Each structure stands twice: as structure tokens, then as C-alpha cells.
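Asker:
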Amino acid sequence: MSKTAFIGLGVMGFPMAGHLAAAGHQVTVYNRTASKADAWVERYGGSKAATPREAAEGAEFVFTCVGNDDDLKSVTLGSNGGDDGAFAGLSEGALFVDHSTVSADLARHLSETLQSQGCESIDAPVSGGQAGAEKGKLAIMCGGPDAAMARAMPVMDAYAARIVHVGGPGAGQTTKMVNQICIAGVLAGVSEGLRFAQASSLDLAKVKDAISGGAAQSWQMDNRWDSMADDHFDFGFAIDWMRKDLGLALDEARRNGASLPTAATVDQYYAEVQAMGGNRQDTSALIRRLGKSGERR
Ligand code: NAP
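This is how it looks when you write it as C-alpha cells:
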């Protein structure tokens with residue numbers, strides 16, 4: 002069992018760090034809002050640190066799961082130019098694993114920074130949401146060196162249903178972008194299909210039953226059709242996060258030349274749902290911009 006640090010005890014990080022402790026690893030946590038770290042230690046044991054640097058000192062593995070690029074820079078490289086970042090505390094040979102969804106550019110930059118410190122890193126964004134984190138059944142898409150992956154896999158197993166090593170530094174983050182691009186298109190289709198079924202006065206449960214075993218089947222249909230039909234959106238993966246993720250994909254597409262007309266359009270649709278007060282609502286709230294008759298609002 003390993004000496005680990007986990008930085009960022011949000012919706013995802015709190016249960017993920019919990020699975021590490023339950024698997025028998027020695028876990029030191031850091032969270033910006035200290036009360037969450039107190040609650041974590043009370044529930045899972047382990048210890049808490051006052052700064053990311055302190056958490057990383059002496060750890061074999063340092064995990065992060067924070068919000069966006071700026072947040073990750075702050076907890077790794079230090080806040081406001083300070084020396085409190087995790088990288089200042091890393092021992093030579095330690096392995097850094099980031100589970101946040103951030104730009105591939107930042108993942109590559111952190112990887113290069115750590116190489117010069119004699120450490121390795123893996124960008125390892127996750128899919129599966131809060132439920133996946135709590136059940137320890139996340140899908141993890143990884144970028145980094147083979148040897149680092151071999152070391153990290155058995156530890157990440159504590160909260161994973163699937164771990165795939167896609168390529169070198171940044172490949173995990175670009176794979177997560179593919180994931181979000183696919184989700185955006187699927188949700189646009191499910192939203193229109195559901196509104197069309199309502200406009201045709203069909204029994205929505207029977208429609209789902211009829212088509213979810215065929216070629217229209219999707220995770221979104223299986224897990225969101227019923228709540229979309231009930232106008233229930235106050236749960237799940239927030240539109241604010243999805244817009245961050247689509248922004249990362251659109252930025253990357255400007256560099257790699259890929260054409261993302263649907264993702265760009267859905268991103269603007271989400272801006273409309275945000276303007277309707279949907280910032281923290283689940284991504285399935287995309288349907289709210291379609292009137293019940295199937296007309297655009
Ligand atoms: P969250 O609940 O908002 O938690 C964010 C965490 O990051 C909190 O611990 C927060 O600390 C910390 N943090 C933010 N900015 C910070 C800063 N500048 N310095 C130090 N700590 C900072 O977010 P989440 O839902 O766990 O998501 C975390 C990451 O996973 C995001 O990149 C998200 O896109 C990705 N993700 C989320 C889901 C999901 O369903 N939620 C699914 C897949 C991937 P405080 O407690 O002090 O605010």
C-alpha cells in the first residue's frame with residue numbers, strides 16, 4: 002500500500018480519495034476549504050495538510066481533482082506566485098496524477114515541468130459523474146509514459162471501472178474532449194427526439210422502451226430520458242462544467258484543424274440555457290431551450 006496525497010475534495014475528489022483510503026492506502030488530503038478536509042478525515046481517517054505542498058511531501062503518488070486550468074496551476078505550481086504548490090513538495094521519483102478536466106496544453110506543460118524535477122505525470126480525466134465516483138466505477142482516460150501508467154494503474158483501480166492508456170502526455174485530456182464532443186451531439190438528438198415524441202402525443206415511457214434497445218440507444222437515453230420528460234434537472238453534471246469542457250475542445254480544434262460545427266452550436270445552446278438560469282443544472286437541461294411543442298423557445 003502506498004503513501005498518497007489527494008488534492009481537491011469536491012463532488013468527485015471526496016469519494017475518490019475515500020476509495021483510496023478504503024483500499025488501504027495512507028492518504029493525506031488537502032482542500033482549499035478546510036472544513037471539507039476535516040469532514041473527509043472524520044469519515045475516512047488519514048490526515049490533512051495545510052497546503053498542497055505539505056500534502057505532497059513524502060508522498061509516492063499525488064492526485065489532484067480540481068476545477069479548471071487556473072485551479073490546477075494554483076495547486077501544483079503555487080498560488081499567487083507562492084511556494085505552496087504540490088510540485089514544490091514532491092520527492093524525486095514521485096508520480097503525479099491529475100483527474101481534473103483541463104487543457105491538453107497544461108497537461109503537457111506540467112509533464113515537462115515534472116520531468117526536469119525527476120518525476121513523472123499522468124493526465125487522467127474521468128467520466129462517470131458523481132455516481133461513478135461514489136461507486137468507484139469511473140472510466141479513466143490517460144496520457145503519459147508507459148512506466149508511470151504501470152505504477153498508477155493498481156492505485157487508480159480503487160475507483161475505476163475502466164482505465165485506458167491512450168497515449169503520451171495530453172492524450173488523456175484530448176480523449177476527454179472527444180467524450181464531451183460526443184455527449185453534446187447525443188444530447189442535442191435526444192432533446193429533439195423527446196420533444197418530437199411529446200408533440201406527437203406519444204407515451205414517452207413506451208417510446209423509450211421501443212427505441213432504447215435499438216440503434217438510438219445511448220447512456221443519455223438510458224439515464225436521462227425519464228428525468229428530461231419530468232423536467233427534472235437539479236442534479237448531475239453542471240452546464241457550467243460542460244461549457245468549460247466544450248471550450249477546451251473548441252480551443253484544441255483551432256490548433257488541430259478539426260471541424261466541430263455541432264459542438265460549437267450546442268455550446269451556444271448551453272449559453273442560452275445558462276441565461277435561463279441553468280448554470281448548475283445537469284447537461285440534459287439542453288432540452289429546456291426547446292418549447293414543449295417542439296418549437297424553439
Ligand atoms: P467541484 O465539486 O466544484 O470541486 C472542485 C474542487 O477543486 C474543490 O475541492 C475546490 O475547493 C477545488 N478548487 C477549485 N479551485 C481551486 C483553487 N484555485 N485552489 C485550490 N482548490 C481549488 O468539482 P467536481 O465536480 O469535483 O469536478 C472536479 C473536476 O472533475 C473538474 O475538472 C470537472 O470538470 C471534472 N469532472 C466532473 C464530473 C462531475 O460529474 N462533477 C464528471 C467528470 C469530470 P473548494 O472546496 O475550496 O471549493
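In this text, residue positions in the sequence shown follow our numbering: the first is 2, and each later residue adds one. Every residue, glycine too, gets a C-beta built ideally from N, C-alpha and C. Bear in mind that the values here come from a model prediction, so they are computed numbers and not experimental data.
#1: Since W226 and V191 are thought to touch, with beta carbons under 8 Å apart, how far apart are those beta carbons, to the nearest angstrom?
#2: Skipping 5 residues on each side, what residues in its chain have a beta carbon closer than 8 Å to that of D39?
#3: Quick check on D1: does DSSP put it in helix, strand or coil?
#4: Between G144, G168, G59, G130, which has its C-alpha nearest Q181's C-alpha?
#5: Is it the case that the segment 124-141 contacts the segment 161-168, given that we only count it when at least three CB pairs across the two stretches are under 8 Å?
#6: What residues in its chain sit with their C-beta under 8 Å from that of A149, if we drop five residues either side in the sequence?
#7: Does the distance between the C-beta of G130 and the nearest non-hydrogen atom of ligand 1 fall short of 7 Å?
#8: CA-CA distance, H100 and A211?
#9: Quick check on this structure: which residue in T65, C183, L287, E61 has the alpha carbon closest to the alpha carbon of G194?
#10: Report the CB separation of G173 from A108 in whole angstroms; it is logged as a contact under 8 Å.
#11: How far does the beta strand (DSSP E) with M142 in it reach, from first residue to last?
#12: How about F197: is its C-beta nearer than 8 Å to some C-beta of chain D?
Answerer: By the coordinates alone:
#1: Right, the Cβ-Cβ distance comes to about 7 Å (below 8 Å), so this counts as a contact.
#2: Same-chain partners within the cutoff: K49.
#3: No information on residue 1 is available, as it lies outside the stretch 2 to 298 that the chain covers here.
#4: For Q181, the nearest C-alpha among the options comes from G130.
#5: With three or more CB-CB distances shorter than 8 Å, the segment 161-168 counts as touching the segment 124-141.
#6: If you ignore the 5 residues before and after A149, its C-beta comes within less than 8 Å of the C-beta of L96, E121, S122, I123, all in its own chain and listed in chain order.
#7: Checking the Cβ of G130 against ligand 1 gives yes.
#8: Rounded to the nearest angstrom, the gap between the Cα atoms of H100 and A211 is 37 Å.
#9: Residue L287 holds the alpha-carbon nearest to the alpha-carbon of G194 among T65, C183, L287, E61.
#10: Confirmed, about 7 Å.
#11: Following the DSSP letters along the chain, one finds M142 inside the beta strand (DSSP E) bounded by residues 139-144.
#12: No chain D appears in the structure shown, which is made up of a single protein chain.
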